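As given, the protein sequences belong to chains A and B, one line each in that order.
So that you can map any letter, position 42 of the first sequence is 42 in the working numbering, and since no number is skipped, the others follow by simple counting.
So that you can map any letter, position 81 of the second sequence is 81 in the working numbering, and since no number is skipped, the others follow by simple counting.
Down below is the structure, laid out as structure tokens.
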Amino acid sequence: DTEVTQTPKHLVMGMTNKKSLKCEQHMGHRAMYWYKQKAKKPPELMFVYSYEKLSINESVPSRFSPECPNSSLLNLHLHALQPEDSALYLCASSGTGTGWKVQFFGPGTRLTVL
Amino acid sequence: GNSVTQMEGPVTLSEEAFLTINCTYTATGYPSLFWYVQYPGEGLQLLLKATKADDKGSNKGFEATYRKETTSFHLEKGSVQVSDSAVYFCALSPIQGAQKLVFGQGTRLTINP
Chain A
1 DTEVTQTPKH LVMGMTNKKS LKCEQHMGHR AMYWYKQKAK KPPELMFVYS
51 YEKLSINESV PSRFSPECPN SSLLNLHLHA LQPEDSALYL CASSGTGTGW
101 KVQFFGPGTR LTVL
Chain B
1 GNSVTQMEGP VTLSEEAFLT INCTYTATGY PSLFWYVQYP GEGLQLLLKA
51 TKADDKGSNK GFEATYRKET TSFHLEKGSV QVSDSAVYFC ALSPIQGAQK
101 LVFGQGTRLT INP
């Protein structure tokens, strides 16, 4: 199984709402990632978890809060977002060590903030 | 620093045409190189990869060869199909900080029947 799944596929939220994005993989990968992708741009790295611990935070605003409850799951909690946060949010996973290199991406959650 | 420069799009071709999308990179040592494809409304899919100089990655009729002397990883396909219409991203994984993929800007490809 080389699949990364993400839910929901689409999400519309107001600026005062709290919502969560979910990501799951069953490839035994111990590294998981959140990316943000704006239209016609490449993905931008937000967070990296390695062995369920946050290893990279690319200076992301605190209104985005990641969580890695176990080695298969990754969540992104959203609170008080701004309209400019509307984007496609992609989750990815990879092996670690020499396996860091190949990242497998999920289909994404398209987020609209009103 | 590490960077990837891709041929700017959009690129429009007719079905069965030959495709080349240029990609050059700047990095220390021998990074791993990738092509990812993003179909409309979807996430990124790994298309092919190469991890050392002169490696050729191939998949679904696409090929790319890791050229250290020209720091390039150009994507080619001999005969494109309408179903190849997508955005193609060249990316590298550096030796240091391998988990931080560095992407090119993407090339939008449209194939007309």
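Glycine is no exception: its CB is placed at the ideal position from the N, C-alpha and C atoms.
Note that the structure is predicted; figures quoted are calculated from it, not measured.
- At a cut-off of 8 Å between beta carbons, ALA31 (chain A) contacts chain B.
- Exposure of ASP54 (chain B) is indicated by the presence of fewer than 16 other C-beta atoms within 10 angstroms of its C-beta.
- Looking at the DSSP output, GLU44 (chain A) sits in a beta bridge with A:LYS36.
- Contact between LEU47 (chain B) and TYR36 (chain B) is confirmed by a C-beta separation of about 6 Å, below the 8 Å threshold.
- In the three-state reduction of the DSSP assignment, SER55 (chain A) falls in the strand class, which pools E and B.
- For GLN103 (chain A), the number of other beta carbons within 10 angstroms of its own is at least 16, and it is reported as buried.
- Within a 10 Å sphere around the beta-carbon of GLN82 (chain A) sit fewer than 16 other beta-carbons, which makes this residue exposed.
- In the assembly as shown, SER93 (chain B) is a buried residue. Its beta-carbon has 16 or more other beta-carbons within 10 Å.
- The beta-carbon of PHE73 (chain B) is placed no less than 8 Å from the nearest beta-carbon of chain A.
- Neighbours of GLN103 (chain A) across chain B, judged by C-beta separation under 7 Å: LEU101.
- Within the same chain, Cβ atoms closer than 6 Å to the Cβ of LYS77 (chain B) are found at LEU19, GLY61, PHE62, the five residues on either side in sequence being excluded.
- Residue burial is scored here from C-beta neighbours: HIS29 (chain A) has at least 16 other C-beta atoms within 10 angstroms and is therefore classed as buried.
- In the structure shown, the three-state DSSP call for VAL80 (chain B) is coil.
- In the structure shown, GLY14 (chain A) adopts coil according to DSSP, grouped into three states.
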